[in-house]
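Enquirer: Got a structure here, written out as structure tokens. Questions coming.
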Amino acid sequence: MPPSEPFEPRREPHRFSKPLREGVIVARPNRFIMDVALDGQTVRCHCPVVSRIGGLDLAGRPCLVSRSANPKRKMPFTVEAYSLAQPGDAQRPWIGINQNASNRYVEHFLRAGAFEGFAPPGAAVQREVPLGASRMDFLAEGPNGPLFLEVKTPLVQIQADVPDYVPRLPEVPFSSTERSLRHLRELAQALSAARGSDVAVAGRAVVLYCLYYDNFGFRFYHGTTYDQVRATVDECRAAGVELWQADFEVTPEHVALKRYWQLEEW
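And the structure:
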């Protein structure tokens, strides 16, 4: 079970303008490209993840792709999700991988009042708000003060049961955490500055980890910088930064928010 009681909002899902199409991943020639078997031919698609995806070789995995309406796109198709099931299986739960779309999904549910556990319904929402040397994903202004919200979509490690028939790639060191740590520090500094000023309401700062599959209790990847990350997280949580997790469900028709809760352990 989750570390704390989850919120399970019932809100209208974010619906795709057109249903996603199903194919099968053939190969990933480089980090920006996936070749996909789609409607009897192999189509070169955009891969929206520049890192590894769970350390897995995804060749042979079912996938969902969208098609851009932009005629200038060199690769009109984008891989939105994949499944650990076999292509012919009746049930194929999807794992969303479009990090670029994550803020769009979160904004949909934020404006719908689904995140009332940390963001009051009806709050005025702004995107890409400057804070220190960074830009936070969202600022929500409500009666209890400002809420700075930073969205993370971890994909380097997929924390789900991986069948034996899905090959794993050789392990490589992972240390690309500086941007995440900078955001944590700046959120903590903003809270400390507000509490030390004449501002009556200091507000809140939340980092929301978005997983586009079922996961009861996200844990940070134990890479080469894990000790540094753990120390920074502990320091920033002590300053008031909150860590939350949200699980979404991806289907060919929509993205639904299933549950979310505050992370009590890291």
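Start counting the sequence shown at 34; every next residue gets the next number (the working numbering). For each residue, glycine too, the CB sits at the ideal point set by N, CA and C. Small disclaimer: the values here were computed from a predicted structure and weren't measured.
#1: Tell me, please, whether the region 54 to 61 touches the region 165 to 181 by the rule of three or more beta-carbon pairs shorter than 8 Å.
#2: For A147, which of F40, R125, E161 and H287 has the nearest alpha-carbon?
#3: Using C-beta distances below 6 Å, list every residue in its chain close to N136, excluding the 5 sequence neighbours before and after it, in chain order.
#4: Taking DSSP's pairing of strands, which residues face L180 in a bridge?
#5: Given this structure, state the Cα-to-Cα distance separating Y246 from E161, to the nearest angstrom.
#6: Leaving out the 5 sequence neighbours to the left and right, which residues in its chain are closer than 7 Å to V98 when beta-carbon positions are compared?
#7: Going by DSSP, name the residue or residues bridged to D267.
#8: Determine, using beta carbons only, whether L188 and Q124 come nearer to each other than 8 Å.
#9: Rounded to whole angstroms, what is the Cα-Cα separation between R292 and K107?
#10: What are the start and end residues of the beta strand (DSSP E) that includes S99?
#11: Going by DSSP, what residues sit across from D280 in a beta bridge?
Expert: Based on what the coordinates show:
#1: Fewer than three beta-carbon pairs drawn from the region 54 to 61 and the region 165 to 181 are found closer than 8 Å, and the two stretches are therefore not classed as touching.
#2: F40
#3: D170 and V184
#4: A173 and R237
#5: 26 Å
#6: Contacts found: L53, R54, G56, V69, L71, C78, F110, T111, V112 and E113.
#7: Answer is none; D267 lacks a bridge partner.
#8: No, they are not a contact pair.
#9: 36 Å
#10: P95 to R100
#11: L244 and R292
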